[in-house]
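Asks: One structure coming up, written as structure tokens, with questions to follow.
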Amino acid sequence: MNEIIEFFTQNKDMIFIVVLMVFVGVEVIGKVPAVLHTPLMSGANAIHGVVVVGAIIVMLNSEPTNYVAMILGFIAVFLGTLNVVGGFVVTDRMLEMFKKKK
Amino acid sequence: MSLNIIHIIYLFASVTFILGLKMLSNPKTARNGNILAAVGMVAAILATIFLHEGEVNTIIYGLIFGAIALGTIVGWLTAKRVQMTKMPELVSLFNGMGGACAALIGLVEFHHNLDNSTNIAIILAGMIIGSVSFSGSIIAWAKLNGTLRNAIRLPKYNILNTIILIGLVVYSVFIVWSGTHSEAHLYGLFTAAIIYGILFVIPIGGADMPVVISLLNSFTGLAAAFGGFLYGNQVMLTGGILVGSAGTLLTLVMCEAMNRPLFNVIFGAFGDGDTAQSVGGASQGTVKEVGPSDLAVQMNYSNKILIVPGYGLAVAQAQHVIKELEQLLEERGVEVAYAIHPVAGRMPGHMNVLLAESNVDYDKLKEMEDVNPEFSQTDLVLVVGANDVVNPAAKTDPTSPIYGMPILEVENAKHVVVNKRSMNAGYAGIQNELFFRDKTNMLFGDAKKVLTELVNELKALD
Numbered sequence: 001m002n003e004i005i006e007f008f009t010q011n012k013d014m015i016f017i018v019v020l021m022v023f024v025g026v027e028v029i030g031k032v033p034a035v036l037h038t039p040l041m042s043g044a045n046a047i048h049g050v051v052v053v054g055a056i057i058v059m060l061n062s063e064p065t066n067y068v069a070m071i072l073g074f075i076a077v078f079l080g081t082l083n084v085v086g087g088f089v090v091t092d093r094m095l096e097m098f099k100k101k102k
Numbered sequence: 103m104s105l106n107i108i109h110i111i112y113l114f115a116s117v118t119f120i121l122g123l124k125m126l127s128n129p130k131t132a133r134n135g136n137i138l139a140a141v142g143m144v145a146a147i148l149a150t151i152f153l154h155e156g157e158v159n160t161i162i163y164g165l166i167f168g169a170i171a172l173g174t175i176v177g178w179l180t181a182k183r184v185q186m187t188k189m190p191e192l193v194s195l196f197n198g199m200g201g202a203c204a205a206l207i208g209l210v211e212f213h214h215n216l217d218n219s220t221n222i223a224i225i226l227a228g229m230i231i232g233s234v235s236f237s238g239s240i241i242a243w244a245k246l247n248g249t250l251r252n253a254i255r256l257p258k259y260n261i262l263n264t265i266i267l268i269g270l271v272v273y274s275v276f277i278v279w280s281g282t283h284s285e286a287h288l289y290g291l292f293t294a295a296i297i298y299g300i301l302f303v304i305p306i307g308g309a310d311m312p313v314v315i316s317l318l319n320s321f322t323g324l325a326a327a328f329g330g331f332l333y334g335n336q337v338m339l340t341g342g343i344l345v346g347s348a349g350t351l352l353t354l355v356m357c358e359a360m361n362r363p364l365f366n367v368i369f370g371a372f373g374d375g376d377t378a379q380s381v382g383g384a385s386q387g388t389v390k391e392v393g394p395s396d397l398a399v400q401m402n403y404s405n406k407i408l409i410v411p412g413y414g415l416a417v418a419q420a421q422h423v424i425k426e427l428e429q430l431l432e433e434r435g436v437e438v439a440y441a442i443h444p445v446a447g448r449m450p451g452h453m454n455v456l457l458a459e460s461n462v463d464y465d466k467l468k469e470m471e472d473v474n475p476e477f478s479q480t481d482l483v484l485v486v487g488a489n490d491v492v493n494p495a496a497k498t499d500p501t502s503p504i505y506g507m508p509i510l511e512v513e514n515a516k517h518v519v520v521n522k523r524s525m526n527a528g529y530a531g532i533q534n535e536l537f538f539r540d541k542t543n544m545l546f547g548d549a550k551k552v553l554t555e556l557v558n559e560l561k562a563l564d
């Protein structure tokens, strides 16, 4: 029990962020028309590409001689970027179509 | 000093994510919302690279920029070149890449945190979820593009999957508890998570893939959030949790649109063709065919026509021809609109995107609730490549696998014309009694070819 309280105390800022963001996520999506489900899913898909930030930190913190970290990190940054760029571009293409209406 | 700025930029990025997602839920602001979130993302990435504290070898900077450049080029070109019909599987593929990224972070960070069991637990959780999301998304991608056409079920797959899931948790607890530094255990767990992702998605039928992709989407968000927790990185945390929570809600909303509880999607049988034999025999009869020339005349003298587009229209790339048909009919004083089922196509909203691509007016796309009362005042309904979403069995036959799914009530119209390539069952693998009704005429053939003939016949009427 003490360990749980200790964990909470040490990480309280982050735990607050987590809990509050859960509610923000639910609120933000509320009452979205079915028309926008696909673009919305695709947009959210691009946003979780923020994981690439973690991959960059991995590489920044590693020694260049640590080949395993370099190779895996390189692939991770590549895949993360793919997620971000591909995600935003494909979402934009979907939404571009809606724009054409007069 | 630089540390202070990075947190301000991270806060800015988090706000753009929230606002971007909010704007994405309204057709008017959606595009700007997407761009806003992208701007925040670029800011967060640049801040992470340039405001990093401590000495970093230039080789590493070179590698990071190399990877980003490569990812940008490949991602950009793929996203720009993909056909709009192939879009759902691409979203799944990109989602898998994000999951793989999270998994790789875990594989590397494991060695940097050997003495901190809390961090190890966080790393393993992120790695497992990322791996499941990766392999699951790849399977979903293969299913949507037709590489894996059928649901594959191992005997007792539900029990098997549950055992593997419990095994994953127990294995992780063991690794954290024992404080082992063993790479074999780490890669063993990684492999097990990959296998679980495959087994998790593979029994689920193709018709449910949008829900699965949405679910895996929120998984990847969660994996990103674990990374954020590990580094104390707020932007990863906010972005990840935001997608995790919004994605979960979106998944439930989609399930609701199909009237299928999430539990049934994951554990139930649907959309796999298994039921075709058992239900197929129930409503045999004769179907009436109609040719393009007769149909052109009939349409010409109608007052109101509703078009129900389905995936068959998308596959045949017939969205431009149907727009031409709509214009021709309107010139002749026929009122034309489109009735869009929430899950028409392969993803909710997919059909709207396809029709918007061929310049169909946004106001002409009517959602199911709005359009259902209109069918009784409609002279003719043209169903193009849709099947399950107009199957009356969903309302009348409690034994049907799609019973309870809301449908477009096309049977209330005066005449129904269904364009299909053949009498094969739809995606859910069940026969449709609508095709055998008196007021229904079948227009067999590839949607694009048949509709082009129809357009030519209409032009010839002048």
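From first to last, the protein sequence lines stand for chains E and L.
Take the first sequence: its position 93, counting from 1, is numbered 93 in the numbering used here, and each next residue is one higher.
The numbering used here runs 102 ahead of the 1-based position in the second sequence.
Backbone N, C-alpha and C fix where the C-beta goes; we use that ideal spot for every residue, glycine too.
1) On the DSSP letters alone, give me the boundaries of the alpha helix (DSSP H) that valine 417 (chain L) sits inside.
2) Looking only at its chain, what residues have a beta carbon closer than 6 angstroms to the beta carbon of threonine 187 (chain L), apart from the 5 residues adjacent to it on each side?
3) Quick one: is valine 193 (chain L) buried, meaning 16 or more other Cβ sit within 10 Å of its Cβ, or exposed?
4) Can you list, in chain order, the residues of its chain with a C-beta nearer than 7 angstroms to that of alanine 145 (chain L)? Leave out the 5 residues immediately preceding and following it.
5) So the alpha helix (DSSP H) phenylalanine 236 (chain L) belongs to, where does it begin and stop?
6) Grab the span of the beta strand (DSSP E) containing histidine 443 (chain L) for me, first residue to last.
7) Distance check for asparagine 134 (chain L) and leucine 563 (chain L), CA to CA, integer angstroms please.
8) Strictly under 9 angstroms for the Cβ-Cβ distance: is glycine 122 (chain L) near chain E by that measure?
9) So which residues of chain L does threonine 81 (chain E) contact, with C-beta pairs closer than 7 angstroms?
10) Where in the stretch 117-175 of chain L do unbroken runs of the alpha helix (DSSP H), each at least 4 residues long, occur, reported from the N-terminal end onward?
11) With a cut-off of 9 angstroms, does the C-beta of asparagine 474 (chain L) fall near any C-beta of chain E?
12) Can you tell me whether threonine 542 (chain L) is helix, strand or coil according to DSSP?
13) Can you check which of these residues, E:Ile71, E:Pro39, E:Phe88, is closest to isoleucine 56 (chain E) by C-alpha distance?
14) Report the partner residues of isoleucine 407 (chain L) according to the DSSP bridge assignment.
15) Just verifying my parser: in three-state terms, what is the DSSP assignment at glutamate 63 (chain E)?
16) Just to check my reading of the structure: valine 303 (chain L) and valine 367 (chain L) have Cβ atoms closer than 8 angstroms, yes? What is that Cβ distance to the nearest angstrom?
17) Closest by CA to valine 345 (chain L), which one among E:Lys12, E:Ile4, E:Glu27, E:Glu6?
18) Please classify isoleucine 224 (chain L): is it buried, with 16 or more other beta-carbons within 10 angstroms of its beta-carbon, or exposed?
19) Going by the DSSP bridge assignment, what does asparagine 521 (chain L) pair with across the sheet?
20) So, at 7 angstroms on beta carbons, what are the nonlocal neighbours of lysine 468 (chain L) in its own chain, with the 5 sequence-adjacent residues on each side left out?
21) Report buried or exposed for tyrosine 333 (chain L), applying the criterion of at least 16 other Cβ atoms within 10 angstroms of its Cβ.
22) Looking at the strands, I want to know which residues DSSP matches up with glutamate 391 (chain L).
23) Between E:Val53, E:Asn66, E:Thr65, E:His37, which has its C-alpha nearest methionine 125 (chain L)'s C-alpha?
24) Shorter than 9 angstroms from the beta carbon of lysine 425 (chain L) to some beta carbon of chain E?
25) Using a Cβ-Cβ cutoff of 7 angstroms, what residues of the stretch 12-31 of chain E are near chain L? List them in chain order.
26) Please compile the residues from chain E whose C-beta is within a distance smaller than 9 angstroms of the C-beta of glycine 349 (chain L).
27) Tell me the DSSP secondary structure of serine 385 (chain L) in three-state form.
28) Report the rounded CA-to-CA distance for threonine 353 (chain L) versus leucine 317 (chain L), giving the unit in angstroms.
29) List the residues of chain E that glycine 334 (chain L) touches, going by C-beta distances under 8 angstroms, in chain order.
30) Can you name the start and end residues of the beta strand (DSSP E) that glutamate 469 (chain L) belongs to?
31) Whole angstroms are fine: how far does the CA of valine 355 (chain L) sit from the CA of alanine 205 (chain L)?
32) Helix, strand or coil: how does DSSP classify lysine 182 (chain L) here?
33) So, helix, strand or coil for methionine 507 (chain L), using DSSP?
34) Is it buried or exposed, tryptophan 243 (chain L), if we count other Cβ atoms within 10 angstroms and call 16 or more buried?
35) Give the DSSP-derived three-state secondary structure of methionine 1 (chain E) in the structure shown.
36) Using alpha carbons as the reference points, say which of L:Asn454, L:Gly156, L:Leu482 lies closest to methionine 470 (chain L).
Replies: Let me lay it out:
1) In the second sequence, the residue the question calls residue 417 (chain L) occupies position 315. Here the alpha helix (DSSP H) through valine 417 (chain L) covers 413-417.
2) For the purposes of this step, residue 187 (chain L) is taken as residue 85 along the second sequence, with counting starting at 1. Within the same chain, threonine 187 (chain L) has close Cβ partners Ala416.
3) Walking along the second sequence from the start, residue 193 (chain L) turns up at place 91. Classification for valine 193 (chain L): buried.
4) Position 43 of the second sequence, counted from the start, is the residue given in the question as residue 145 (chain L). Excluding residues within five positions, the ones whose Cβ falls inside 7 angstroms are Ile111, Phe114, Ala115.
5) As a position in the second sequence, residue 236 (chain L) is number 134, starting the count at 1. Per DSSP, phenylalanine 236 (chain L) belongs to the alpha helix (DSSP H) from 219-246.
6) Working through the second sequence from its first residue, we reach residue 443 (chain L) at position 341. That residue, histidine 443 (chain L), is in no beta strand (DSSP E); it is neither H nor E in DSSP.
7) Stepping through the second sequence from its first residue, residue 563 (chain L) is reached at position 461. Stepping through the second sequence from its first residue, residue 134 (chain L) is reached at position 32. Straight through space, the alpha carbons of asparagine 134 (chain L) and leucine 563 (chain L) are spaced by roughly 45 angstroms.
8) Residue numbering aside, residue 122 (chain L) sits at position 20 when the second sequence is read from its first letter. For glycine 122 (chain L), the answer is yes, since a Cβ of chain E falls inside 9 angstroms of its Cβ.
9) Here residue 81 (chain E) refers to the residue found at position 81 when the first sequence is read from its first residue. In chain order: Ala169, Ile170, Gly173, Thr174, Gly177.
10) Unbroken alpha helix (DSSP H) runs of no fewer than 4 residues, entirely contained in the stretch 117-175 of chain L, are found at 132-152, following chain order.
11) For the purposes of this step, residue 474 (chain L) is taken as the residue at position 372 of the second sequence. Cβ-Cβ to chain E under 9 angstroms: no for asparagine 474 (chain L).
12) Reading the second sequence from its first residue, position 440 is the one you call residue 542 (chain L). Strand at threonine 542 (chain L).
13) Within the first sequence, the letter at position 56 stands for residue 56 (chain E). Nearest neighbour of isoleucine 56 (chain E) by Cα position, chosen from E:Ile71, E:Pro39, E:Phe88, turns out to be E:Ile71.
14) Against the second sequence, residue 407 (chain L) aligns to sequence position 305. Per DSSP, L:Val438, L:Leu482.
15) As a working mapping, residue 63 (chain E) is identified with position 63 in the first sequence. DSSP, reduced to helix, strand and coil, places glutamate 63 (chain E) outside both helices and strands of the structure shown, so it counts as coil.
16) As a first step, residue 303 (chain L) is located in the second sequence; it is residue number 201 there, counting from the start. As a first step, residue 367 (chain L) is located in the second sequence; it is residue number 265 there, counting from the start. Not a contact, Cβ separation roughly 11 angstroms.
17) The count along the second sequence starts at 1 and reaches residue 345 (chain L) at position 243. Of the candidates E:Lys12, E:Ile4, E:Glu27, E:Glu6, the one whose C-alpha sits nearest the C-alpha of valine 345 (chain L) is E:Glu27.
18) Counted from its first residue, the second sequence places residue 224 (chain L) at position 122. Isoleucine 224 (chain L) comes out buried.
19) Locating residue 521 (chain L) in the second sequence gives position 419, where the first residue counts as 1. Beta-bridge pairing links asparagine 521 (chain L) to L:Val486, L:Leu545.
20) Mapped onto the second sequence, residue 468 (chain L) falls at position 366. Ala439, Tyr440, Ala441, Ile442.
21) As a working mapping, residue 333 (chain L) is identified with position 231 in the second sequence. Flag for tyrosine 333 (chain L) reads buried.
22) As a position in the second sequence, residue 391 (chain L) is number 289, starting the count at 1. Note: glutamate 391 (chain L) sits in a beta bridge opposite L:Met544.
23) Looking up residue 125 (chain L) in the second sequence gives position 23. Comparing Cα positions, the closest option is E:His37.
24) In the second sequence, counting from the first residue as 1, residue 425 (chain L) sits at position 323. Not closer than 9 angstroms to any Cβ of chain E, the Cβ of lysine 425 (chain L) fails to qualify, so no.
25) For the stretch 12-31 of chain E, the beta-carbon criterion of a distance under 7 angstroms to any beta-carbon of chain L is satisfied by Met14, Ile17, Val18, Met21, Val22, Val24, Gly25, Val26, Val28, Ile29.
26) Indexing the second sequence from 1 puts residue 349 (chain L) at position 247. Correct list: Gly25, Ile29, Met41, Ala44, Asn45, His48.
27) Residue numbering aside, residue 385 (chain L) sits at position 283 when the second sequence is read from its first letter. A caution first: serine 385 (chain L) carries a pLDDT of 48, below 50, which makes its placement in the model too unreliable to give a value.
28) Sequence index remark: in the second sequence, residue 353 (chain L) carries index 251 (1-based). Sequence index remark: in the second sequence, residue 317 (chain L) carries index 215 (1-based). Rounded to the nearest angstrom, the two C-alpha atoms are 6 angstroms apart.
29) Mapped onto the second sequence, residue 334 (chain L) falls at position 232. Among the residues of chain E, those whose CB is under 8 angstroms from the CB of glycine 334 (chain L) are Met14, following chain order.
30) Within the second sequence, numbered from 1, the residue matching residue 469 (chain L) stands at position 367. First-last of the beta strand (DSSP E) with glutamate 469 (chain L): 467-469.
31) On the second sequence, residue 205 (chain L) is found 103 positions in, with the first residue counted as 1. On the second sequence, residue 355 (chain L) is found 253 positions in, with the first residue counted as 1. Their Cα atoms are separated by approximately 28 angstroms.
32) Numbered from 1 along the second sequence, position 80 holds the residue referred to as residue 182 (chain L). The answer is helix: DSSP assigns lysine 182 (chain L) an H, G or I state.
33) Here residue 507 (chain L) refers to the residue found at position 405 when the second sequence is read from its first residue. Three-state DSSP puts methionine 507 (chain L) in coil, outside helix and strand.
34) Residue mapping note: residue 243 (chain L) aligns to position 141 of the second sequence, counting from 1. Counting the other Cβ atoms within 10 Å of the Cβ of tryptophan 243 (chain L) gives 16 or more, which makes it buried.
35) Residue mapping note: residue 1 (chain E) aligns to position 1 of the first sequence, counting from 1. Methionine 1 (chain E) falls in the coil class under three-state DSSP.
36) Within the second sequence, numbered from 1, the residue matching residue 470 (chain L) stands at position 368. Residue L:Asn454 holds the alpha-carbon nearest to the alpha-carbon of methionine 470 (chain L) among L:Asn454, L:Gly156, L:Leu482.
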